[in-house]
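Novice: Protein chains in written order, with my numbering: chain A, 6 to 117; chain B, 59 to 172.
Dropping the structure in here first, questions after.
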Amino acid sequence: NAGVTQTPKFRVLKTGQSMTLLCAQDMNHEYMYWYRQDPGMGLRLIHYSVGEGTTAKGEVPDGYNVSRLKKQNFLLGLESAAPSQTSVYFCASRTSGPYEQYFGPGTRLTVT
Amino acid sequence: AQTVTQSQPEMSVQEAETVTLSCTYDTSENNYYLFWYKQPPSRQMILVIRQEAYKQQNATENRFSVNFQKAAKSFSLKISDSQLGDTAMYFCAFMKAAGNKLTFGGGTRVLVKP
């Protein structure tokens with residue numbers, strides 16, 4: 006049972022490049038989330054999903070897209086990276102009850 | 059929209075002593091859940107403790123306990139017998155009972171000194 010995994014762990018992009026971050030969970034959780042964490046700040050919700058095939062916007066969705074084609078995977082895409090998207094990105098998942106979110110180890114993204 | 063405020067950016071405590079972290083929140087909801095998460099230097103987010111708003115009894119998990127004051131919208135975390143491994147960022151978070159999303163505070167950095 007690996008829990009929540011994120012790929013890659015680190016990435017450096019040039020402005021304008023695109024990339025996809027992959028989140029995978031093996032706990033059969035319905036809900037999945039993408040957050041960003043900037044230095045000295047808490048986590049801010051980018052997008053989330055309440056089940057396979059669904060997505061919804063969070064607090065800071067601009068510049069990101071997501072897809073949940075399979076229940077266990079939640080992809081976060083940056084179509085044209087900007088320096089303002091330099092951050093640490095966390096994925097999380099949880100069951101349908103009001104229970105804790107289980108977090109992945111994070112991806113550190115730098116956009117130059 | 060809900061907001062969560064942690065007014066202490068950083069705190070230090072001697073090993074074996076007690077430290078209390080404050081958290082206040084703003085909501086019009088009556089049913090909700092509150093959480094404290096720990097983020098050590100490894101960056102992994104770890105749930106420390108959870109409180110259901112409908113429960114009057116304060117939650118306790120080993121050396122961690124909360125003081126939940128619903129009327130005051132306050133949710134403080136007490137770490138007793140602090141250990142070096144408690145050094146981390148601590149985040150307070152809120153979720154509506156019928157909601158899907160966590161709202162996080164800005165965090166408090168705790169440094170445990172030997």
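Just so it is clear, CB atoms sit at the ideal spot from N, CA and C, and this is done for glycine as well.
For the beta strand (DSSP E) that contains residue 154(B), what are its first and last residues?
Specialist: 146 to 154
Novice: For the segment 92 to 117 of chain B, list every residue whose C-beta sits within 9 Å of some C-beta in chain A, in sequence order.
Specialist: 93, 95, 97, 100, 101, 102, 103, 104, 105, 108 and 110
Novice: Does DSSP classify residue 143(B) as helix, strand or coil?
Specialist: helix
Novice: Evaluate the contact criterion for the segment 13 to 20 of chain A versus the segment 59 to 66 of chain A: three or more CB pairs, one atom per stretch, below 8 Å.
Specialist: Because the criterion of three Cβ pairs below 8 Å is not met, the segment 13 to 20 of chain A and the segment 59 to 66 of chain A do not touch.
Novice: So, under 8 Å CB-CB, residue 106(A) and residue 160(B) are touching, yes? Tell me the CB distance rounded to an integer number of Å.
Specialist: 6 Å
Novice: Rounded to whole angstroms, what is the Cα-Cα separation between residue 9(A) and residue 57(A)?
Specialist: Using only the alpha carbons, I get a separation of about 16 Å.
Novice: From the DSSP output, read off the bridge partner residues of residue 90(B).
Specialist: 154(B)
Novice: Could you tell me which uninterrupted alpha helix (DSSP H) segments, each at least 4 residues in length, are contained entirely in the segment 91 to 116 of chain B, listed from first to last along the chain?
Specialist: none
Novice: Identify whether residue 42(A) lies in helix, strand or coil by the three-state DSSP scheme.
Specialist: Note: residue 42(A) maps to strand in three-state DSSP.
Novice: Leaving aside the five residues before and after residue 115(A) along the sequence, list all residues of the same chain whose C-beta is less than 6 Å from its C-beta, in chain order.
Specialist: 17 and 91
Novice: Identify the continuous beta strand (DSSP E) that holds residue 53(A) and give its terminal residues.
Specialist: 48 to 54
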